[in-house]
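Before any comments, here is the structure.
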Amino acid sequence: MTPGPTQRAPRFGMVAGEASGDLLAAHLLDALRARWPDLQAAGIGGAEMQRRGFDAWWPVEKLSVRGYLEVLPRLPELLWIRKRLTQTLLAQKPDLFIGVDAPDFNFELEARLKAAGLKTLHFVSPSFWAWRPEKLARLKAAADHVLCLFPFEPELLAAHGIGASYVGHPLASSITLQPDRSAARRALGLPDAGPLVALLPGSRAAEVKHLGSRFFQAAALIRQAYQATQFIVPTVPHLLPQVQALARASGLGDAVHVVRGQSHAALAACDVTLIASGTATLEAALFKRPMVIAYAMPDVSYRVMRKKRQLPWVGLPNVLCAPREWLHRPADVSPHDWADRADAPFVVPELIQHAATPPALSQAVLDWLGAPEKIDAVQQRFAALHHELKRDTAQLATDAIETLLAR
1 MTPGPTQRAP
11 RFGMVAGEAS
21 GDLLAAHLLD
31 ALRARWPDLQ
41 AAGIGGAEMQ
51 RRGFDAWWPV
61 EKLSVRGYLE
71 VLPRLPELLW
81 IRKRLTQTLL
91 AQKPDLFIGV
101 DAPDFNFELE
111 ARLKAAGLKT
121 LHFVSPSFWA
131 WRPEKLARLK
141 AAADHVLCLF
151 PFEPELLAAH
161 GIGASYVGHP
171 LASSITLQPD
181 RSAARRALGL
191 PDAGPLVALL
201 PGSRAAEVKH
211 LGSRFFQAAA
221 LIRQAYQATQ
231 FIVPTVPHLL
241 PQVQALARAS
251 GLGDAVHVVR
261 GQSHAALAAC
271 DVTLIASGTA
281 TLEAALFKRP
291 MVIAYAMPDV
301 SYRVMRKKRQ
311 LPWVGLPNVL
321 CAPREWLHRP
331 ADVSPHDWAD
341 RADAPFVVPE
351 LIQHAATPPA
361 LSQAVLDWLG
371 APEKIDAVQQ
381 RFAALHHELK
391 RDTAQLATDA
401 IETLLAR
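With my numbering applied, the sequence shown has no gaps in its numbers, which climb one by one up to 407 at the end.
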């Protein structure tokens, strides 16, 4: 008789699809290895996962693509990778497959594995409450259980017959409740005095393509208004040449500091951040930093995605700080009307698509720099959010996984 997962260290298949997923999966691997020191984990992952002993058959960058038009040239390769990965996992039969976010890739993979009798877990509920509610049916077919990062999600999933556990957000435990701005500036070699703006145009090449020049043009306008302003631009290694070229073209000279990685240090050090919508906005909120959220993509992709919106916001800080009733749309109100409500409360500004012009972006940042009382208020709200998301994620996640393994 083959030993069960409780009698030996379990084997996990895992897939993370982008830099944020790599970080989340790395935190989860830390927790799992504390419970099962000799575990084995393999699949698709990034540098952070590999530092935890993960066997990456393909690097996370292979899946780092977003948008309908952007994915088309890569589709044959992505389908080939998923086919090969499915075959390998079915042959090796890990005790559990864990898909970390990346639903467009992972749901189909999970559904095939689940149909073949393998146990599947999805880590990070898709944001069906924000857009693409059709993902719920796919999630139900794909995952035996879901680990949720946000407290309102298990209740919403349960209403659709999907088992889920709230485990808190690992970033809330890894980011200190009181960031030390001066220490972060010293670590980055930046002066302690003077305004510092962090520019985070995204972790994907397509995001930097559509936002990078706008961010640097906005920075030049901010510099005109506040001559002492410095800019810190953390970027993932594979985008470093692209971002450095934008920095050189900006004409800002030594006022711009492009650094490899170190996004947390940049957020701790800055006064305000101009930031692409995504997980990084939650990180900025946990660092208690006021922000201006922006996003842009090809117009065709934007028109498709806009039709699927369920909420007025795209940025996680605004969603998580919204009154809870805003997440429960009345049945007699269309998603489009709900998402376009003019009275929606925004904690931080969002400038999306054509609204994300350099003058508008720069003015939104300057509005923060000139309003200390407004900064104090948003920092207090973000501190409350931090406490809400801070849970013993390691214990809760491994407890849920151990229960699933024992079924």
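Positions of the beta carbon are idealized from the N, C-alpha and C atoms, including for glycine.
Quick caveat: nothing in here was measured; it's all calculated off a predicted structure.
**Report entry** the stretch 314-322 contacting the stretch 379-393, beta-carbon criterion three pairs below 8 Å
**Finding:** yes
Requested in this report: Can you tell me which of T273, L29, G53 and G261 puts its alpha carbon nearest to the alpha carbon of A285?
Outcome: T273
Query raised in the report: Given 8 Å as the limit, is there contact between the stretch 340-348 and the stretch 278-293, that is, 3 or more CB pairs closer than that?
Result: Enough Cβ pairs lie closer than 8 Å, so yes.
Report task. Determine the contact status of P358 and A245, defining contact as a CB-CB distance below 9 Å. Result -> Contact check for P358 against A245 fails: the beta carbons are separated by 9 Å or more.
Query raised in the report: Bridge partners of S165, per DSSP?
Result: S165 has L147 as its beta-bridge partners, per DSSP.
**Report entry** Local Cβ density within 10 Å of P312, reported as buried at 16 or more and exposed below that
**Finding:** P312 should be labelled buried.
Query - Beta bridge counterpart(s) of A364 as assigned by DSSP - result: Looking at the DSSP assignment, A364 forms no beta bridge with any residue, so it has no partner.
**Report entry** V15 versus V300: straight-line alpha-carbon distance, rounded
**Finding:** 29 Å
Query raised in the report: Thinking just about the alpha-carbon of each residue, which of I44, W131 and R74 is nearest to the one in V304?
Result: Of the candidates I44, W131 and R74, the one whose C-alpha sits nearest the C-alpha of V304 is W131.
**Report entry** Of the residues I222, D376, G163 and R204, the one placed nearest P234, counting alpha carbons only
**Finding:** Out of I222, D376, G163 and R204, R204 has the C-alpha closest to the C-alpha of P234.
Query raised in the report: Roughly how many angstroms separate the alpha carbons of I222 and V365, rounded to a whole number?
Result: If I take the Cα positions, the gap works out to 8 Å.
**Report entry** T120, buried or exposed, once every other Cβ within 10 Å from all chains shown has been counted against 16
**Finding:** buried
**Report entry** Presumed contact (8 Å Cβ cut-off) between A266 and V259, rounded CB distance
**Finding:** 7 Å
Query - C-alpha distance - V333 paired with A339, whole-angstrom precision - result: Taking the straight line joining both Cα atoms gives about 10 Å.
Query raised in the report: Where do the ends of the beta strand (DSSP E) carrying Q230 lie?
Result: Q230 to T235
Query - Under the three-state DSSP convention, the category A42 falls into - result: strand
Query raised in the report: Which parts of the stretch 259-288 are runs of the alpha helix (DSSP H), unbroken and 4 residues or longer, counting only runs that do not cross its ends?
Result: DSSP runs (the alpha helix (DSSP H)) wholly in the stretch 259-288: 263-269 and 279-286.
Query raised in the report: At what residues does the alpha helix (DSSP H) containing R11 begin and finish?
Result: Careful: R11 lies outside any alpha helix (DSSP H), inside the beta strand (DSSP E) at R11 to A16.
**Report entry** G17 versus V100 - alpha carbon distance
**Finding:** 7 Å
Query - Sequence-distant residues of its chain with Cβ nearer than 6 Å to P335 (five each side left out) - result: Q310
Query raised in the report: Nearest-angstrom Cα distance between P372 and A158?
Result: Their backbone Cα atoms lie some 42 Å apart in a straight line.
Query - For F216, the three-state DSSP class (helix, strand or coil) - result: helix
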